[in-house]
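Undergrad: Shown below is the structure under consideration.
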Amino acid sequence: MATKEIISNLTAGLSEWLVYFAIAIVTLIGLCKCIYPMLRNAALLNRAVVKLEKSSAAGDRPAWREPRFLGRSLRPHWQQFLLNAGQLDIRGMPCDTRDYINEETVIDQPGHAQLAELIPSLLTSLGILGTFLGLMEGLTSVDFSNAEGTLTSIPLLLGGMRFAFATSVAGISCSLAFNMGNRIASGHASRALTNFEEAFYELAMPRPLDSDVQLLISRQDEEDRMNRVAQTIGNQVAASMEMAMSHTMGPMNRSMDTFVRGATQEQTEAMRGIVNQFFQQMNVSLKGQMTALSDTMNLVNQGQMQTQKNLQSTLNTSQAMTENARMMQLVSNDIAKSLKEISQRLDDQLTQQDQRLSGAEEATAQLATQLTSLSDSLARMQQAVDRLTNDLDANQNPEV
3 MATKEIISNL TAGLSEWLVY FAIAIVTLIG LCKCIYPMLR NAALLNRAVV
53 KLEKSSAAGD RPAWREPRFL GRSLRPHWQQ FLLNAGQLDI RGMPCDTRDY
103 INEETVIDQP GHAQLAELIP SLLTSLGILG TFLGLMEGLT SVDFSNAEGT
153 LTSIPLLLGG MRFAFATSVA GISCSLAFNM GNRIASGHAS RALTNFEEAF
203 YELAMPRPLD SDVQLLISRQ DEEDRMNRVA QTIGNQVAAS MEMAMSHTMG
253 PMNRSMDTFV RGATQEQTEA MRGIVNQFFQ QMNVSLKGQM TALSDTMNLV
303 NQGQMQTQKN LQSTLNTSQA MTENARMMQL VSNDIAKSLK EISQRLDDQL
353 TQQDQRLSGA EEATAQLATQ LTSLSDSLAR MQQAVDRLTN DLDANQNPEV
């Protein structure tokens, strides 16, 4: 009985240590394989920025041209960049560091991104496994056959539950700590990468164009070069063909011209003889009707010529009439313009006269008003004189 208890205690303690040991090993692997490489690369990039600033301020040989510029972990990628940048620089093309030093080479590959995604869930799973092992050990040690056995197994049950919760707490705590450390290291490396790109393109070499812009520019340059080459080749081929054709076809053209002139003259004389002979035979066969037809045609031709002359004279007359009509239209337009100006001036004069008449009417009305007032004043004066005369007469003849 004592041997079984010893073996069960050793087994329980071993399972506890195995779970804790597994959690510790997984956490340590995460720190070494995921977090530390990202922090190391971030430190290397920050140190590279300091080197760039010092070399730029001192004016020495650029530090970024050394293969060990970014340290041992990033040396293969930087050597590949230097090799490709040198070849592209010879051809006048820029090289982008983001193709070699980027999130994949600085964060994802060194930080083992897939393993970093697996470790938190693995730590949580180990904690849950310890929980189930502790519960299983505690429940298997409980003896419900009698009260004494139950009381004796309670401490074992509590120890198993403590182990169960402790492993869960350890697994979840390590998972959270690893997640936080991994995120912090990833952000630190990302900021260091951004600072390195900005410092490198500011102090070392200009920022390259986007791939779409580079492709468009190279395509346009290639099209221009092909057009120039095609134009040059076309001009050379045309000049060569023209020279060859002139040398080759010159004698042939002269021979053909001589032949054509001789053949044409002979054919014309032969056709003239044939036509004369045919006309004579037809005239004989038709008993002189061809001659009469020829005379008729001559008369008709003369009539047509006369008609054409008449039509030409008619056209000339029509053109003269058209020109006269155009001149008359121009004269009419000038006359109409002059009449319009005269009418405008007459209207202006009438307007001025109306204004003057209105002023004269107003002056007449004012004069009439003044005359009326003067008449009234004279009437009142006459009345006053009459009264004065009557008074004087009354004073002179008091007897009357």
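Residue numbering for the sequence shown is 3 to 402, as defined by this note's numbering. Even glycine gets a Cβ: it sits at the ideal position worked out from N, Cα and C. Only a predicted model underlies this, so the values are computations on that prediction, with no experimental measurement involved.
1) What distance in whole Å lies between the Cβ atoms of residue 173 and residue 128, which are believed to be in contact at a cut-off of 8 angstroms?
2) Cα-Cα, which of 25, 366, 371, 392 is closest to residue 168?
3) Whole angstroms are fine: how far does the CA of residue 347 sit from the CA of residue 340?
4) Can you grab the Cα-Cα spacing for the pair residue 118 / residue 19, in whole Å?
5) Tell me the DSSP secondary structure of residue 104 in three-state form.
6) Give the list of continuous alpha helix (DSSP H) stretches no shorter than 4 residues that lie fully inside the stretch 22-56.
7) Helix, strand or coil: how does DSSP classify residue 98 here?
8) Can you say whether residue 39 is buried or exposed, counting buried as having 16 or more other CB atoms within 10 angstroms of its CB?
9) Hey, how far is the Cα of residue 203 from the Cα of residue 180?
10) Does the count of Cβ pairs from the stretch 61-75 and the stretch 222-235 closer than 8 angstroms reach three?
11) Can you tell me where the alpha helix (DSSP H) with residue 79 in it begins and where it stops?
12) Around the C-beta of residue 187, are 16 or more other C-beta atoms found within 10 angstroms, so that it is buried, or is it exposed?
13) Does the Cβ of residue 165 have 16 or more other Cβ atoms within 10 Å, making it buried, or fewer, making it exposed?
14) Please tell me whether residue 97 and residue 104 are closer than 8 angstroms, where the distance is taken between their beta carbons.
15) CB residue 206 to CB residue 66, shorter than 8 angstroms?
16) So residue 199 packs on residue 107, CB below 8 angstroms; how close in whole Å?
17) Leaving out the 5 sequence neighbours to the left and right, which residues in its chain are closer than 7 angstroms to residue 54 when beta-carbon positions are compared?
18) For residue 67, name the three-state secondary structure that DSSP assigns.
19) Measure the alpha-carbon distance for residue 110 versus residue 77 and round it to whole angstroms.
20) Measuring CB to CB, does residue 170 end up less than 8 angstroms from residue 133?
21) Expressed to the nearest angstrom, what Euclidean distance is found between the alpha-carbon atoms of residue 197 and residue 190?
22) What's the C-alpha gap between residue 44 and residue 52?
23) Looking only at its own chain, which residues have a Cβ that is under 6 angstroms from the Cβ of residue 31, when we skip the five neighbours before and after it?
24) If distances are taken between C-alpha atoms only, which option among 82, 137, 33 comes closest to residue 68?
25) Whose C-beta lies closer than 6 angstroms to the C-beta of residue 354 among residues of the same chain, with five residues either side of it excluded?
26) Does the Cβ of residue 121 have 16 or more other Cβ atoms within 10 Å, making it buried, or fewer, making it exposed?
27) Between residue 28 and residue 125, how many whole angstroms is the CB-CB distance? I'm expecting something under 8 angstroms.
28) Compute the Euclidean distance between the alpha carbons of residue 299 and residue 320, then round it to the nearest angstrom.
29) Can you say whether residue 139 is buried or exposed, counting buried as having 16 or more other CB atoms within 10 angstroms of its CB?
TA: Taking the definition as stated:
1) 5 angstroms
2) 25
3) Taking the straight line joining both Cα atoms gives about 10 angstroms.
4) 24 angstroms
5) Here residue 104 sits in coil by DSSP.
6) none
7) The answer is coil: DSSP assigns residue 98 none of H, G, I, E or B.
8) buried
9) 34 angstroms
10) no
11) 77-92
12) buried
13) buried
14) no
15) yes
16) Incorrect: roughly 13 angstroms between the Cβ atoms, too far for contact.
17) 65, 66, 201, 202, 205, 206
18) helix
19) Using only the alpha carbons, I get a separation of about 16 angstroms.
20) yes
21) 11 angstroms
22) 13 angstroms
23) none
24) 82
25) Scanning its chain for C-beta atoms nearer than 6 angstroms, with the 5 sequence neighbours on each side dropped, one finds no residue around residue 354.
26) buried
27) Taking a contact as a CB-CB distance under 8 angstroms, the pair residue 28 and residue 125 counts as one, their CB atoms being some 6 angstroms apart.
28) 31 angstroms
29) buried
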